[in-house]
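Structure record follows, encoded as structure tokens.
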Amino acid sequence: MAVDDFSHTHPLLHSNGAHANNNHKKNISFVSLAKWVLKLTMWIVFLAYVALFFLIPTDFGTELYADWTAATNGSLFGDIGSMLLLYGAPIIFIAFLAVLYLLISGEDQHQHQLQEKKAPRFRLWTFPVLVDGPLGVVSAAELIGIILFIVFVIWSAYVYTAVIIGTLPGDSTPIEKSFFVVENLALRIGTIGLYCLAFLFIPVARGSVLLRLINIPFEQAIRYHVWLGHLTMLLFTLHGLLYVIAWTIEGHLLKLILEWADTGVAHLAGVISLTAGLLMWMTSLYPVRRNKFELFIYTHQLYVIFIVFFAFHAGHFIFCVPAGGIFLFILDRFLRFCQSRKTVDIISIKCLPCGAMELMFSKPANLQYNALSFIFLQVRELSWLQWHPFSVSSSPLDGKYHLCVLVKVIGEWTGKLRGNVLNSSRADLHLQPQTKITASVEGPYGHELPYHLMYENLILVAGGIGISPFLAILSDILHRTREGKPCLPRNILIVWAVKRSNELPLLSSNDMELICPFFSDKLSLEIRIFVTRESQPPLEEGQVHEAMYSSPPVSNSSSMSVLVGTGNNIWSGLYVISSTLGFVILLYLLDIFYVNPYDISPWWYKALLLVICMLASVFIFGGVVVSLWHLWERRNATREARKDDRIVVEKIQHDEILARNDSCQQKILSSTNTYYGSRPDFKDIFGDISEKWGCVDVGVIVCGPPSLQTSVAKEIRSRNIRRQRNHPIFHFNSHSFEL
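One gets our numbering by counting positions in the sequence shown from 1 and adding 83 to each.
This is the structure we're talking about:
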């Protein structure tokens, strides 16, 4: 009877399994088709948007623009609506589609990409082309973008110059001709700068869906903001100087500078905006930012004055050009503000002999991040305005309720933080009153996909504290290997250059055998350490230097917020959609009940109303979603049974791991190859790897000073250009060392 039953039920089980498998394949096909359609639509919109900027300076573009404004001026919002649809709507529309794309991608699609092996091939994003220039290491894809911007500027300048020469009045005096040329040239240069401004704020929207869509983290996108910022401010500065020259020729310099017209541009507002921009620009230059970081931070808050007075200067009509990018920045900035108001528990602090500190923060179980993420940290006892970025040094699989960062003392702020930590530790011995440490966190920010898991072969090159993100990578790979989760890496080489041997215990913060017993059977790991400023091992080599621990009190429900970074796609999508719809609704109500009935005409005042609508839509409509998001987050937190006990258990487990690490430093470091008095020879290193690993893709991730990144990128470029068929293709990836 049992045999008969089995003979009847087994085909049914097999049939059900096949049916489920077919449904799964259909779902994957449907998702792939939907993603392809969304991606194609976004590309079409983006290319049309870029083509618009190239066409506008031409006669055809001018006629097209005139036809567009004539056709849309009678629409819902009049001239504002026509400009917003032309310049602002494409960016917002792509953001809408990006929300849908991220929603339907889901975790399953990410897991599929982590398991997929591809044939070795070159990629534009990871092929270094320029390595020695002022822009740092530039990939082929980045170079294409730079060339497009340069071509756009040259093309626009050429077309506008031809227009100026073609319209030059022939019966005027030389002084009048000079005034005409200089004033028109100033206007056209300002227009080019305006188009650059349309893209300036997009890269600094840290948790933007656009950056997540193209899988570019904030720490890399900030470079594009820097490049665009230099170009934009150069054009705006020339714009202002040429107007000063033109007005000096005319003889009405002071009068025109102080003019604030109701119709047209308000000159005084432009002077204020340009002054704020110049202060930000000068203090953002590398020497100032490096040596006077606080000055850079404080002056960069002038972006508020820059935007508002630029709106007054240009008027509502022209301000619509950069409005799309600025609106996305406001969306991100409001979320960051809401997240940063919350204080976060520091569960434990470990002070290492080399001067670095490991800070362990409390986080909710549903906060998502990957091993190459950043957080921004504020300690209110040190400064209410300063936010400093740090790489995450723990894997998301290390624990559900904590996140760790390594902080090295390299400046005034980090020095004060270490002093507070030491004072807090001495307070445990009742030597002096405890120094309070109140922390707030923004982030985590990082790649949408953990790209370090997509290479079967990895080379991790670190300089000094740049080992921090690689500790997280190594821990992540070990956890995934132990738990059987999707993870491609099988061969890993770590190359670490340090100045002094007292930094070596940083590497032992991961107990690899404890995370993944017998990991050497599943993973080939080689570590090469180069101590550059010591010619031989110190006399006390092999001795274990004890670290100092501090355990601040943990309060209830003081973990990180999940609002930004790679947060919940549904809530972040609702936030973007509700804020945008709110913006449209407020503009409509303002136009119907205020602008038209009261015949509001001053350009600068209508620009102010436009800015207020942007802010109010985010604060009111987006704020409702954020409040509901907070409630949802709090409800999930209360559902976690005995959460505080879990945090304490994780803290105890983490402290036990740290204690065990301290006791096995000698064992870990003795298993590595340590070279004293020398620097890494990447020609030999990459040559050795080429012969050993064969024709494969090799992901190279560098976290170190610019000189280290340049050396690695130069060798990778050379190897890839002269590559033999049986040698690897090296893919350059950098993790910011000094954000």
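Even for Gly, the Cβ is constructed at its ideal location relative to N, Cα and C.
Counting along the chain, the unbroken alpha helix (DSSP H) around N652 starts and ends at 652-673. Taking 8 Å as the cut-off, the beta carbon of H814 is found closer than this to the beta carbon of G782. For K425, the CB contacts under 7 Å within the same chain, skipping 5 residues up- and downstream, are S523, S644 in chain order. For the pair G787 and V387, the CB atoms are not nearer than the 8 Å cut-off. No Cβ-Cβ contact shorter than 8 Å links L121 with R295. In its chain, beyond the 5 residues on either side, L351 have a beta carbon closer than 6 Å to the beta carbon of L341. The region 427-435 and the region 465-483 do not touch, with fewer than 3 CB-CB distances between them shorter than 8 Å.
Comparing C-alpha distances from F232 to each of V701, F136, A699, I577 shows the shortest one belongs to F136. For P211, the beta-bridge partners assigned by DSSP are S222. Out of V504, S112, V327, E441, the CA that lies nearest to the CA of S477 is found in E441. Here DSSP, grouped into helix, strand and coil, assigns G171 to helix.
Excluding residues up to 5 positions away in sequence, I177 lie with their Cβ nearer than 7 Å to the Cβ of F129 in the same chain. Y484 and I560 have their C-alpha atoms some 19 Å from each other. Rounded to whole angstroms, the gap between the alpha carbons of E774 and L218 is 32 Å. Following the DSSP letters along the chain, one finds Q461 inside the beta strand (DSSP E) bounded by residues 457-462. Here V694 is buried. Its C-beta has 16 or more other C-beta atoms within 10 Å. In this model, G398 and G549 are separated by some 46 Å (Cα to Cα). Here the alpha carbons of I772 and F613 stand approximately 18 Å from one another. For R416, the closest C-alpha among the options Y671, F284, I768 is that of F284. Between T346 and the set I390, I332, I401, the nearest pair of CA atoms involves I401. Using a Cβ-Cβ distance cut-off of 8 Å, the region 696-708 and the region 203-221 are not in contact, since fewer than three pairs of beta carbons, one from each stretch, lie closer than that value. Within the same chain, Cβ atoms closer than 6 Å to the Cβ of W330 are found at L336, L339, the five residues on either side in sequence being excluded. Secondary structure of T426 (DSSP, three-state): strand. Of the candidates L138, A223, G249, L138 places its Cα closest to the Cα of W238.
Beyond the five residues adjoining it in sequence on each side, N719 comes within less than 7 Å, by CB distance, of N449 in the same chain, given in chain order.
The shortest CA-to-CA distance from E566 to any of L554, L480, V475 is the one to L480.
Its chain contains L362, M363, T366 as the residues whose beta carbon lies nearer than 6 Å to that of T382, once the 5 sequence neighbours on both sides are disregarded; these appear in chain order. Residue range 607-614 is occupied by the beta strand (DSSP E) that includes R611. For the pair L589 and L435, the CB atoms are nearer than the 8 Å cut-off. Selection D764, N267, I413, V779 evaluated against V659 yields I413 as nearest (Cα-Cα). Counting other Cβ atoms within 10 Å of its Cβ, Q807 stays below 16 and is therefore classed as exposed. The beta carbon of P685 is closer than 8 Å to those of D345, T346 in its chain, skipping five residues each way along the sequence.
In the three-state reduction of the DSSP assignment, S801 falls in the helix class. The Cβ atoms of H530 and P680 lie no closer than 8 Å to each other. A Cβ-Cβ contact shorter than 8 Å links A454 with P533. Residue pairing by DSSP places M443 opposite S431, C487 in a beta bridge.
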